[in-house]
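Under my numbering, residues 662 to 982 are what the sequence shown spells out, in order.
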Amino acid sequence: MSNNLYMPFHVGDYMGDTAFLTTAEQHGAYMLLLMNYWHSGKPLPVEDWKLAAIAKVSPESWSAMRDIIRAFFRERDGALHHKRVDEELAKAREKSDRARANAGLSHSARKAKAKRPQSERRAGAERTQSECLANQDQDQEQEEESANAASSGAAAVAKPNFEGECRTLVGEEPVLLAQDFHKLRSLVDSGSVTEADVKAGIVAAMAKPDFRIRHWSQLEGWARGAAKERLAARAKVAGAAPAAAPKRTAADNTPDQWRKNLEHFCSGGAWPGQNISPEPGQRGCLVPREILEEFRPRLRKVISPGSFARIFEPELAGAAE
662 MSNNLYMPFH VGDYMGDTAF LTTAEQHGAY MLLLMNYWHS GKPLPVEDWK
712 LAAIAKVSPE SWSAMRDIIR AFFRERDGAL HHKRVDEELA KAREKSDRAR
762 ANAGLSHSAR KAKAKRPQSE RRAGAERTQS ECLANQDQDQ EQEEESANAA
812 SSGAAAVAKP NFEGECRTLV GEEPVLLAQD FHKLRSLVDS GSVTEADVKA
862 GIVAAMAKPD FRIRHWSQLE GWARGAAKER LAARAKVAGA APAAAPKRTA
912 ADNTPDQWRK NLEHFCSGGA WPGQNISPEP GQRGCLVPRE ILEEFRPRLR
962 KVISPGSFAR IFEPELAGAA E
């Protein structure tokens with residue numbers, strides 16, 4: 662019985678294991694045998710004519726490469742076994758079974774929730790919101806404690822990998838996420854959101870049936886929304902109107918903070934310092950000129966020619982206006 666499980670391919674391991682294969686035909690035959698092994702989900706037959714057919718080579722060609730290719734396999738119980746493929750298949754099946762079980766539990770929970778009276782559903786939602794708020798506050802306190810410990814020279818406690826946690830929350834989605842995780846990290850570094858807000862945003866986004874994630878930047882808005890909800894929920898629990906975050910001014914920004922904001926902006930993200938200063942190129946921008954000069958080549962690519970002239974060629978911009 663065939664399977665549709667994702668087949669991992671570790672290039673470094675393959676190149677190291679197949680260093681003694683000398684022709685493209687040998688590589689092709691070996692790869693086809695591996696893919697047949699994975700697709701069928703079971704070991705290969707031992708008959709040479711069957712192996713030649715799977716490898717798409719003539720009987721003569723198979724006879725010439727037979728001993729070389731079979732060195733990768735071990736014959737047992739009338740079949741050819743491959744240790745690495747067996748291990749990877751076991752991992753993939755376990756992961757698939759776990760995901761299927763979780764999906765079943767989630768479906769059962771949704772059905773049970775739909776049958777509950779509206780008053781009970783409302784009470785459950787309020788409890789869930791309070792628990793999420795408590796967890797986010799706890800995560801934020803831990804982040805602040807770790808930062809204080811590091812600044813005072815205390816030994817820092819190792820924390821789980823932030824990107825790894827986010828990938829776990831995304832789950833089985835066929836995504837292309839490696840390229841731009843720095844955008845979420847920059848959002849956290851800018852102080853706009855916390856890591857807990859990012860994770861809460863991922864959970865909310867992935868709960869939407871029609872949401873399909875391809876890049877981390879898609880989650881920036883969700884993270885900001887989670888931060889806003891956290892502050893509003895905290896104020897509601899305290900019995901007061903949502904408290905606005907302390908207003909920062911341009912004087913509060915250090916040169917390094919300006920550089921972080923510009924790095925995020927030049928990488929295609931939204932200007933994170935909007936509450937402190939208009940973005941580069943707009944009237945009233947308060948970013949120091951010497952720092953703007955450091956990013957001059959990159960700013961030329963992300964702002965309009967008129968905005969660029971307003972920063973670096975004000976006399977020309979004034980004449981044009």
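Even glycine gets a Cβ: it sits at the ideal position worked out from N, Cα and C.
Assigned with DSSP and collapsed to three states, residue 843 falls in helix.
For residue 700, the secondary structure class from DSSP, reduced to helix, strand or coil, is helix. Annotation: residue 666 is outside any beta strand (DSSP E) and is labelled neither H nor E by DSSP. Note that the stretch 869-889 does not touch the stretch 960-977; fewer than 3 beta-carbon pairs, one per stretch, sit closer than 8 Å.
DSSP, read as helix, strand or coil, puts residue 749 in helix.
Within the DSSP bridge table, the entry for residue 891 names no partner. Only exposed fits residue 667, as fewer than 16 other CB atoms lie within 10 angstroms of its CB. Nearest to residue 702 by alpha-carbon distance, out of 664, 729, 686, 710, is 664.
Assigned with DSSP and collapsed to three states, residue 742 falls in strand. Look at residue 885 here: in three-state DSSP terms it is helix.
Between the stretch 746-764 and the stretch 713-722, the count of C-beta pairs closer than 8 Å stays below three; the two stretches do not touch.
Your pair residue 830 and residue 874 does not check out as a contact, with CB atoms roughly 11 Å apart and the cut at 8 Å.
Residue environment analysis places residue 858 among the buried positions, since at least 16 neighbouring C-beta atoms fall within 10 angstroms of its C-beta.
Residue 951 sits in a helix when the DSSP states are folded into three classes.
Fewer than three beta-carbon pairs drawn from the stretch 865-880 and the stretch 954-961 are found closer than 8 Å, and the two stretches are therefore not classed as touching. Straight through space, the alpha carbons of residue 743 and residue 844 are spaced by roughly 41 Å.
Beta-bridge pairing by DSSP links residue 736 to 741. If you look at residue 854, you'll find it isn't in any alpha helix (DSSP H); DSSP assigns it neither H nor E.
Around the beta carbon of residue 975, fewer than 16 other beta carbons lie within 10 angstroms, which makes this residue exposed. Put simply, the backbone Cα of residue 693 is about 29 Å away from that of residue 832. The shortest CA-to-CA distance from residue 881 to any of 723, 865, 919 is the one to 865. DSSP, read as helix, strand or coil, puts residue 682 in coil. Residue 686 and residue 753 have their alpha carbons spaced roughly 29 Å apart. Take the alpha-carbon of residue 960 and the one of residue 846: they are about 21 Å apart. Residues 716, 718, 726, 730 of the same chain have their beta carbon placed closer than 7 Å to that of residue 690, with the five preceding and five following residues left out of the count. Distance between residue 751 and residue 708, taken at the CA atoms: about 25 Å.
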